[in-house]
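A.B. asks: Mapping the sequence shown onto the working numbering, position 105 (from 1) lands on 93, and the numbers just tick up by one. One structure is given below, represented as structure tokens, and several questions about it will come after.
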Amino acid sequence: MNDDDRSLLERRKKVLGTGTPLFYDQPLHLVRGEGAWVFDAQGRRYLDVYNNVPHVGHCHPHVVEAASRQLAALNINTRYLHDNVVDYAERLTATTDYAQAGVFFTCTGTESNELALRIARHVTGGTGIIASSFNYHGNSAVLASICTAFPVPEAFPDFARLVQVPDPYRHRQGRTDADLANHYLDEARAAIASLQADGVKLAALLIDPSFANEGLPEYVPGYLAGLVDMVRAAGGIVIADEVQSGFGRTGAAMWAHQYHGIVPDIITTGKPMGNGFPIGSVISTYDVIDEFGRSANYFNTFGGNPVATAAGAAVLDVIENEGLIANAARVGAYVGERMNGLMARHEIIGNVRCRGMFFGLELVADRATKAPSPLAGKVVNAMKDKGVLLSRIGPFDNILKMRPSMVFTCEQADILLAALDETLEEVAR
């Protein structure tokens, strides 16, 4: 770090606290972004293969122009009529599988998931929550209390239970897909029974359909659909957290839950829908949205304001006009094939995970035992030094996590792959 960045870091600590996280051992001071690239204060560019919030690329000119134009005209709370809000709501709900959908707008994914749980409890009369065993869904009191992806001070609540998502790489143990699905569905059945034994009525399953925080394990056919059926049979509803996975990232459909062939009762979204401009949503059937809005007198002063919905509509324009769902499928297939080539050359790679514009490499110390490698952090920092940004995730913190913007190209993937090849060779020495 140079003196200016070191001074900025010290000033930051004095006002934001020393616990507010920063990426990398030597934090980056970024000042500009364009497409899949970001630039630091010294003008060096970095290929951003991590930040999913700029969904259609950093500072996409169409999104910037749409938001700027509306900001110059009017931004006001949502208790006034405005074309942007209604136009965007109509377009967004039309992307779902509901015969007639409604939507509440929020400002963040945390608000979306918290509101979805409120609705679930209102609809079902229950309070119980089922979540995956390595989850993060937001920073509210309830969501933080069920978070397991990192330590939190909140006590895990009596009204929640965790279910483990099957990971064929680690959990196969000679079992067929059907046996594997049934084993983990039995665990879920026991979790629901445990709630019921404690007198807690189930309200909702809250889950990311891509299992992103778990490290993108390969899907086990029938597992999620079976879990959905089980939750509904117990009187609960299903909330699909699409903050990380939605808006075409799988390369197969607009929403990750569509990849599984399921229709959740509620869909939640967050910042990527506005390309980083604060906006989120809770989408459900019109009847659910209408009834809860009237019963709870719900409103969100700036959730889905005219500027936010202008940005959101522009993101949909770019996804459609630039064919970004097809691009995610094409680039994802390209990256997956070449990452398997990397695995053939590097013993540290135990497993490759690619699903559209979402990539993962599980690093292991030993392929036979699948012992997690402690070197993922070293790889992430070394990649940053080579000008490529990524992160790590998973229960053992050993999975390299890559989720670039949807405009990421095969040519940019070659830069990523070359840097990975070089870095993995270096850390193995």
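Glycine included, C-beta positions come from ideal geometry on N, C-alpha and C. Keep in mind it's a predicted model, so treat the numbers as computed, not measured.
(1) Tell me the DSSP bridge mates of Arg20?
(2) Quick check: the Cα distance between Arg109 and Tyr86, rounded to an integer number of angstroms?
(3) The beta strand (DSSP E) spanning Ala390 covers which residue range?
(4) I'd like the list of long-range same chain contacts for Ala241, defined as Cβ closer than 7 Å, with 5 residues on each side in sequence excluded.
(5) Are three or more beta carbon pairs between the stretch 318 to 335 and the stretch 367 to 385 nearer than 8 Å?
(6) Under three-state DSSP, which class holds Tyr38?
(7) Taking Cβ to Cβ, would you say Tyr12 is nearer than 7 Å to Lys372?
(8) Who are the near neighbours of Ala228 in its chain, counting only those whose CB is closer than 6 Å to its CB and skipping five residues on each side?
(9) List the residues that DSSP assigns as beta-bridge partners of Ala89.
(10) Looking at Ile117: is its Cβ nearer than 7 Å to the Cβ of Ala192?
(11) Who are the near neighbours of Asn40 in its chain, counting only those whose CB is closer than 7 Å to its CB and skipping five residues on each side?
(12) Report the residue ranges of all beta strand (DSSP E) runs contained in full by the stretch 254 to 328; include only those spanning at least 3 residues, in chain order.
(13) Would you mind giving the Cβ-Cβ distance between Asn72 and Thr297, rounded to the nearest angstrom? I have them listed as a contact below 8 Å.
(14) Within 10 angstroms of its Cβ, does Ala284 collect 16 or more other Cβ (buried), or is it exposed?
(15) Less than 7 Å between the C-beta atoms of Ala301 and Tyr76, yes or no?
(16) Going by C-alpha distance, which of Ile271, Asn293, Pro15, Val3 is nearest Asp(-9)?
(17) Among the residues of its own chain, which have a CB less than 7 Å from the CB of Ala407, if the five just before and after it don't count?
(18) If you check the beta carbons only, do Gly21 and Cys47 fall under 7 Å apart?
(19) With burial defined as no fewer than 16 other Cβ atoms inside 10 Å of the residue's Cβ, what is the status of Asp275: buried or exposed?
(20) Who are Ile117's beta bridge partners in DSSP?
(21) Below 8 Å on the Cβ atoms is my guess for Gly264 versus Pro42; work out the distance and round it to an integer in Å.
(22) Should Met345 and Arg237 be called a contact, given that it needs their Cβ atoms to be closer than 7 Å?
(23) Report the residue from Leu378, His334, Glu230 whose alpha carbon sits nearest the alpha carbon of Gly348.
(24) Excluding five sequence neighbours on each side, which residues of the same chain lie with their C-beta closer than 8 Å to the C-beta of Glu230?
(25) Report, in whole angstroms, the separation of the C-beta atoms of Ala169 and Gly203, which I expect to be a contact under 8 Å.
(26) In the DSSP assignment, find the unbroken alpha helix (DSSP H) run with Leu212 in it and report its ends.
(27) With a threshold of 16 other CB atoms inside 10 Å of the CB of Asp439, please say whether the residue is buried or exposed.
(28) Since Tyr157 and Asn339 are thought to touch, with beta carbons under 8 Å apart, how far apart are those beta carbons, to the nearest angstrom?
(29) Considering Cα atoms alone, identify which of Arg79, Asn127, Gly224 is closest to Pro141.
(30) Three-state secondary structure (DSSP) at Glu175?
(31) So, helix, strand or coil for Ala407, using DSSP?
(32) How is the beta strand (DSSP E) around Ala228 delimited, first residue to last?
(33) Taking the C-alpha atoms as reference points, what is the distance between Ala61 and Val51?
(34) Which residues in the same chain as Trp25 place their Cβ atom closer than 6 Å to its Cβ, once the five residues preceding and following it in sequence are excluded?
(35) Let me know if Arg149 comes out buried or exposed under the rule of 16 or more other beta-carbons within 10 Å of its beta-carbon.
C.D. replies: Quick look at the numbers:
(1) Partner(s): Phe27.
(2) 21 Å
(3) For the sequence presented, residue 390 should be read as Met rather than Ala. That run of the beta strand (DSSP E) goes 387 to 390.
(4) Contacts found: Tyr247.
(5) no
(6) When secondary structure is reduced to three states using DSSP, Tyr38 falls in the coil class, being assigned neither helix nor strand.
(7) yes
(8) Pro197, His245, Pro252, Ile255
(9) For Ala89, which the question treats as bridged, DSSP gives the partners Thr273.
(10) yes
(11) Here the set comprises Gln232, Pro260, Arg391.
(12) 254 to 257, 268 to 273
(13) 4 Å
(14) exposed
(15) yes
(16) Of Ile271, Asn293, Pro15, Val3, the residue nearest in Cα terms is Pro15.
(17) Met371, Lys374, Val376
(18) Yes.
(19) exposed
(20) Ala148, Ala192
(21) 5 Å
(22) For Met345 and Arg237, yes; Cβs fall inside 7 Å.
(23) Looking at the Cα atoms, Leu378 is the closest of the given residues.
(24) Asp196, Pro197, Trp243, Ala244, His245, Ile255, Thr256, Thr257
(25) Actually they are not in contact, since the Cβ atoms of Ala169 and Gly203 sit about 19 Å apart, beyond 8 Å.
(26) 211 to 221
(27) Because the chain spans -11 through 417 in this model, residue 439 falls outside it and cannot be assessed.
(28) 4 Å
(29) Asn127
(30) helix
(31) helix
(32) 225 to 229
(33) The alpha-carbon atoms of Ala61 and Val51 are separated by roughly 16 Å.
(34) Arg33
(35) It is buried - the Cβ of Arg149 has at least 16 other Cβ atoms within 10 Å.
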